[in-house]
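In my numbering, the protein residues as written are 191 to 458.
All residues carry an ideal CB built from backbone N, CA and C; glycine is no exception.
Remarks on the structure that follows.
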């Protein structure tokens, strides 16, 4: 089915005035949907955009699945109208959706990945922190910093030097046997897998300086589509290897994370 055309005056196109979700579908059923819905609701509340009804949202995955695993991309804009940045008195939100087959890269679960530190620093904006709004220019610029296929992700710090996230994943580390992830009160996207792991008591929030992340005992990046990737090597902004770790089998973070996503720990 062709995607609907977005009119020239759509505020999502013009200003990034909207939110989106990227949802893993397993046999046509959304994984971690309660967490995606909660983040979508929070984003709509923060931006003052009317939330689509549950029936409208459910309709986006009601057709028969095209594959065992699919990605459902939901884009919700404020719609059209308003003069300049002023929003219309009665917003008519525009909901777009697309489903595409997905094949997970399970080798990265077992073999681990190499990542780098990005030069870009995230700005603070608490009103936008946590939500998945449509203006992702910081992430776009950060992802332009490398084109080496051997580098799977890039770590982002904020303007004060604290670790926040990766370009499209959340960050987790182990220190003295405990598992941590950065707080996201000033910037960054609060991932749904991250939220589930916090709720299950697997990880806790803690701040860590970007310059100290190479000193942790273990390091991972993860999201609700790709699962949990252990980090083998961490490179600096200039490509210098700062630290190396050895994948330690099916650790607790990966075991619980993949149970939440329905991934088999032995899948290849």
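Item, Value
"Where the beta strand (DSSP E) through residue 308 begins and ends", "303-312"
"Reduced DSSP secondary structure (H/G/I, E/B, other) of residue 444", "helix"
"Range of the contiguous beta strand (DSSP E) that encloses residue 284", "284-291"
"Beta-carbon gap between residue 308 and residue 346 smaller than 8 Å", "yes"
"Stretch pair the region 226-241 + the region 277-290: three plus CB contacts closer than 8 Å", "yes"
"Cα-Cα separation, residue 299 to residue 453", "10 Å"
"Segments of 4+ residues assigned as alpha helix (DSSP H) that fall wholly inside the region 208-277", "223-237, 244-248"
"Distance between beta carbons of residue 422 and residue 302, contact taken as under 8 Å", "4 Å"
"Cα-Cα separation between residue 411 and residue 430, rounded to whole angstroms", "20 Å"
"For residue 467, the three-state DSSP class (helix, strand or coil)", "Here the chain has residues from 191 to 458 only, and residue 467 is not among them."
"Stretch pair the region 324-332 + the region 363-371: three plus CB contacts closer than 8 Å", "no"
"Classification of residue 288 by the beta-carbon crowding that lies within 10 angstroms, buried from 16 upward", "exposed"
"Nearest neighbour of residue 200, chosen from 375, 435, 419, 265 [CA to CA]", "265"
"Residue from 258, 409, 338 whose Cα sits closest to the Cα of residue 218", "258"
"Where residue 464 falls: helix, strand or coil (DSSP)", "Residue numbering for the chain in the displayed model covers 191 to 458; residue 464 lies beyond these limits and cannot be assessed."
"CB-CB length for residue 231 against residue 211, believed under 8 Å", "11 Å between Cβ atoms; not a contact."
"Residue environment, residue 348, which counts as buried when at least 16 other CB atoms sit within 10 Å", "buried"
"Three-state class that DSSP yields for residue 299 in the structure shown", "helix"
"Selection from 391, 383, 433 that minimises the alpha carbon distance to residue 418", "383"
"Inter-residue spacing [alpha-carbon to alpha-carbon] between residue 191 and residue 253", "Note that residue 191 has pLDDT 49, beneath the 50 cutoff, so the model's placement of it is unreliable and the number below is only indicative. When rounded, the distance between both Cα atoms is 11 Å."
"Beta-bridge partners of residue 335, as assigned by DSSP", "DSSP output for residue 335 lists no bridge partner at all."
"Residue 458 - DSSP class collapsed to helix/strand/coil", "Summary for residue 458: the model assigns pLDDT 49, below 50, so the residue's position carries little reliability, and this model does not support an answer."
"Segment limits, beta strand (DSSP E) that includes residue 348", "341-348"
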